[in-house]
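Notes to accompany the following structure.
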Ligand SMILES: NC(=O)c1ccc[n+]([C@@H]2O[C@H](COP(=O)([O-])OP(=O)(O)OC[C@H]3O[C@@H](n4cnc5c(N)ncnc54)[C@H](O)[C@@H]3O)[C@@H](O)[C@H]2O)c1
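Residue numbers (this note's numbering): 539 to 857.
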């Protein structure tokens, strides 16, 4: 079977390609805007294409008998999305629509989509987040991902496209691709980068209603996340009944200070930090309920120790 992976030269996509490659023919489409050709498994067929280019993307479908799609290609920097909103809506919304049009025109009926917990927005309670939680993204990145989900749901209804939209919580561990680790905005890469480069880490607020005042987040290892995509794709290829939205997280919460202290302990290094103002739109508690993924897909995290996630990311990002 032939599986198309968009964004397969990126951080998460390249791990998924590595997992798929022994079982499937893998076709990667990526414009290398943030990904890297070195990350693409040598056994995969690679096309340097922008997903917004319908003619070129459609020719990939015509040249390869695609059986299923995993769609990672996107822009994902929150700060950049406020400066360059149209770029974000073009790639993340129009690009996703383009991909679905190619699928419909070539009778491909299964897609796994990368969405994000960012679409839950600034919620004000400390319950674990289920997929039924209302969505309220606070930035263009989150909005564009929510729109991507909505277009896929519309294609499911109108064109019988089987789908899974995975809402990822904080992905960490493994190697960062393309962009240096310094450019990533999630906490574990930021701490690693601050230790590596001897830069003071900014902690955004310590007056939240949590035990130490800092925000609580859910961290999931990239390999656990990658495995969910294979399980999900294999399930939906034959079964539209399970199409829908699934959270992917560890279901465990750690405060920013807990992650800082764990990093200092695991690396045996000082993490220099300063408390700054809260960021607009940051929820104080963002931890997944991943029960749905467990019950319906049979997926669970295997790397459950925060120490292991941090150490792995440190060791993989020394260059
Ligand atoms: N990393 C995270 O913490 C995280 C969290 C939630 C959701 N996600 C989602 O996961 C997906 C993958 O993220 P990642 O962390 O691997 O990022 P990444 O930047 O490493 O990967 C994205 C890939 O898409 C490619 N790409 C971007 N625009 C493209 C276009 N127009 N045409 C073709 N290729 C294009 C890039 O070159 C890159 O290889 C994204 O959809 C992102 O929204 C990531």
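Built from N, CA and C at the ideal position, the CB exists for glycine as well.
Taking 6 Å as the line, does the beta carbon of residue i fall inside it for any heavy atom of ligand 1?
i, result
"residue 614", "yes"
"residue 599", "no"
"residue 709", "yes"
"residue 610", "yes"
"residue 589", "yes"
"residue 811", "no"
"residue 571", "yes"
"residue 784", "no"
"residue 632", "no"
"residue 706", "yes"
"residue 657", "no"
"residue 652", "yes"
"residue 568", "yes"
"residue 629", "yes"
"residue 549", "yes"
"residue 724", "yes"
"residue 680", "no"
"residue 770", "no"
Rounded C-beta distance between residue i and residue j? I'm assuming under 8 Å.
i, j, result
"residue 544", "residue 589", "6 Å"
"residue 839", "residue 780", "With 8 Å as the limit, residue 839 and residue 780 do not qualify as a contact, their Cβ atoms being about 20 Å apart."
"residue 827", "residue 707", "Not confirmed; about 11 Å, so no contact."
"residue 676", "residue 712", "28 Å between Cβ atoms; not a contact."
"residue 812", "residue 740", "6 Å"
"residue 702", "residue 650", "5 Å"
"residue 647", "residue 608", "In fact, because the Cβ distance is near 14 Å, the residues do not count as touching under 8 Å."
"residue 633", "residue 541", "The Cβ separation is near 18 Å, so there is no contact."
"residue 635", "residue 687", "Not a contact, Cβ separation roughly 12 Å."
"residue 599", "residue 551", "With a Cβ gap of about 18 Å, residue 599 and residue 551 do not count as contacting."
Taking the continuous alpha helix (DSSP H) assigned at residue i, which residues delimit it?
i, result
"residue 698", "First-last for residue 698: undefined, no H or E at that position."
"residue 772", "760-774"
"residue 555", "549-558"
"residue 627", "623-627"
"residue 601", "592-601"
"residue 854", "844-854"
"residue 798", "794-805"
"residue 642", "633-643"
How far does the beta strand (DSSP E) with residue i in it extend, from its first residue to its last?
i, result
"residue 583", "583-586"
"residue 651", "648-654"
"residue 542", "540-544"
"residue 813", "811-814"
"residue 833", "Counting along the chain, residue 833 falls outside any beta strand (DSSP E), and DSSP gives it neither H nor E."
"residue 735", "Element bounds for residue 735: not the beta strand (DSSP E) but the alpha helix (DSSP H), 725-735."
"residue 608", "606-609"
Classify residue i: buried if its beta carbon has 16 or more other beta carbons within 10 angstroms, exposed otherwise.
i, result
"residue 847", "buried"
"residue 672", "exposed"
"residue 614", "buried"
"residue 586", "exposed"
"residue 752", "buried"
"residue 621", "exposed"
Quick check: the segment 785-794 against the segment 573-582, are there 3 or more CB pairs under 8 Å?
no
Are the segment 755-772 and the segment 684-699 in contact at 8 Å, needing three or more beta carbon pairs?
no
Does the segment 800-817 come close enough to the segment 637-654 that 3 or more CB-CB pairs lie under 8 Å?
no
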